[in-house]
Amino acid sequence: RGREFASPSGTGLYMSMIIRPQFGMESAQLITSCAAVAAAEAVEKLCGSKVSIKWVNDLYMNGRKICGILTEASLSMETKSLDYAVIGIGINANMKEFPDEIKDIASSLYIESGKQVKRAYVIEAVGRYFEKYYEAFIKAGDLSTITDEYNTMLANAGKQVRIIGNDKEEIYTAVGINPEGGLVVKDDDGNLKEIRSGEVSVRGLYGYV
248 RGREFASPSG TGLYMSMIIR PQFGMESAQL ITSCAAVAAA EAVEKLCGSK VSIKWVNDLY
308 MNGRKICGIL TEASLSMETK SLDYAVIGIG INANMKEFPD EIKDIASSLY IESGKQVKRA
368 YVIEAVGRYF EKYYEAFIKA GDLSTITDEY NTMLANAGKQ VRIIGNDKEE IYTAVGINPE
428 GGLVVKDDDG NLKEIRSGEV SVRGLYGYV
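This is the structure we're talking about:
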């Protein structure tokens, strides 16, 4: 989309995990949510700095993005279930600065915590926490075991969000995620609505007005 990407040698952390779940494509978004909580908790434990999640796949420190997560999957046409899913996680680890074009919206663990991190330790921690949350998700069949933890980290919670999709924009207030991984929002009259797709822009989080 023409966005700037900066990754000086030896500073970024990019990892992929492959899993072979026994469920349908509709659950792929839930895998991303598990990975987001796992990465956020791992970074918090290692850096001692609070991490927030922008639904559904970005992590922030002090209002600036430090991590992006993307899940891709292969679907079996015969069984209508996933053959495999790959969770890709990119973390700005030890960058000391960013180009002018993105320095106001992107940051790193080093910049925000003042700590140089060992990337191998981050990889181990993310994998360990992901295994914990993914196993809980498999047993429960939904995100009920991590919904509360996710919502305490949710950057969107209580903020106005712009829902962009289907050639229109709508403004709501974000409430939190539900066990199915949808973002629950409310309108000015207090009516609740679940958002399952579309791009969510957060007002006031990092330069949005």
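Residue numbers (the working numbering): 248 to 456. Glycine included, C-beta positions come from ideal geometry on N, C-alpha and C.
Per DSSP, cross-strand counterpart(s) of R311:
M308
Measure how close the beta-carbons of T279 and N304 come, nearest whole angstrom, since I'm counting them as under 8 Å.
5 Å
N339, enclosing beta strand (DSSP E) - first and last residue
L329 to N339
What's the call for T399, buried or exposed, on a 16-neighbour Cβ count within 10 Å?
exposed
Tell me the rounded alpha-carbon separation between Y261 and I418.
34 Å
What separation, rounded to the nearest whole angstrom, lies between the Cα atoms of A294 and R366?
The residue asked about is misnamed: residue 294 is Cys in this sequence, not Ala. Their Cα atoms are separated by approximately 12 Å.
Take I385 and list the residues in its own chain whose beta-carbon comes closer than 8 Å to its own, dropping the five residues that flank it on each side.
P268
Helix, strand or coil for E427? Go by DSSP, reduced to three states.
coil
Distance, D436 Cα to G259 Cα
44 Å
Does the Cβ of L439 have 16 or more other Cβ atoms within 10 Å, making it buried, or fewer, making it exposed?
exposed
Short of 8 Å in beta carbon distance, which residues of its chain neighbour L452, apart from the five on each side in sequence? Order them along the chain.
With a pLDDT of 48 at L452, under the threshold of 50, the modelled position of that residue is not reliable, and no figure is offered here.
Less than 6 Å between C-beta atoms, sequence neighbours within five positions excluded: which residues of the same chain meet that for K362?
C294
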